[in-house]
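Add 239 to a position in the sequence shown, counting from 1, and you land on the number used in my numbering. To start, the structure under review is shown below, and the notes come after it.
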Amino acid sequence: EGEFYRQDKSAYLSYDESEVSGLEGTKTTIELEKEKLSIIRLGSMNSHMIFEKGKRNLNTYATPYGAMTMSVYTQDIDVDYDQNDQPTKIFVDYNIEISGQGVSKNTLNIDVKH
Numbered sequence: 240e241g242e243f244y245r246q247d248k249s250a251y252l253s254y255d256e257s258e259v260s261g262l263e264g265t266k267t268t269i270e271l272e273k274e275k276l277s278i279i280r281l282g283s284m285n286s287h288m289i290f291e292k293g294k295r296n297l298n299t300y301a302t303p304y305g306a307m308t309m310s311v312y313t314q315d316i317d318v319d320y321d322q323n324d325q326p327t328k329i330f331v332d333y334n335i336e337i338s339g340q341g342v343s344k345n346t347l348n349i350d351v352k353h
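See below:
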């Protein structure tokens, strides 16, 4: 369970991670802008990931073992909105690279219930 709010030109989804996610003690905030999505995690694990379709962004990922910088290349972003302009589905297709080497291909699917 989380909260949805708008500030300036962005929409925000914010929630506390659970033990199931392995990130218990972390607050996750998803910021939705017109052509950009950011995921900010603060707490037991800190990270700030930026996704922009067709762009490569450097992101910092902090763990108890130290911080690392990784490159995220976003293949696709799709956000569906309801008639009240609130997000209902979020889809991100992206690749992660560390030191120029492809590490993983990922998809993120979020269903938002209001």
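A virtual CB, placed ideally from N, CA and C, is assigned to each residue, including glycine.
- Which residues in the same chain have their Cβ closer than 6 Å to the Cβ of residue 269, if we skip the five residues on either side of it in sequence? Within the sequence shown, residue 269 is the residue found at index 30, counting from 1. The beta carbon of residue 269 sits closer than 6 Å to the beta carbons of 252, 278 from its chain, once the five residues preceding and following it are set aside; these are given in chain order.
- Message: On a Cα-Cα basis, can you pick out the residue from 248, 293, 330 that is closest to residue 346?
- Response: On the sequence shown, position 107 is the one that residue 346 refers to. Measuring from the Cα of residue 346, the nearest candidate turns out to be 330.
- Pairwise C-alpha distance: residue 311 and residue 303: As a position in the sequence shown, residue 303 is number 64, starting the count at 1. As a position in the sequence shown, residue 311 is number 72, starting the count at 1. Straight-line Cα distance between these residues: approximately 21 Å.
- Message: So for residue 311, helix, strand or coil by DSSP?
- Response: In the sequence shown, the residue the question calls residue 311 occupies position 72. DSSP places residue 311 in strand when its eight states are reduced to three.
- Taking the alpha-carbon positions, what's the residue 338 to residue 255 distance? Residue 338 sits at position 99 when you count from the first residue of the sequence shown. Residue 255 sits at position 16 when you count from the first residue of the sequence shown. Approximately 31 Å, taken between the alpha carbons.
- Cβ atoms of residue 313 and residue 321: under 8 Å apart, would you say? Residue numbering aside, residue 321 sits at position 82 when the sequence shown is read from its first letter. Residue numbering aside, residue 313 sits at position 74 when the sequence shown is read from its first letter. No, Cβ-Cβ distance for residue 321 and residue 313 is not below 8 Å.
- Task: Could you tell me whether the Cβ of residue 308 comes closer than 8 Å to any Cβ of chain C?
- Result: Going by chain labels, chain C is absent from the structure shown, which holds only one protein chain.
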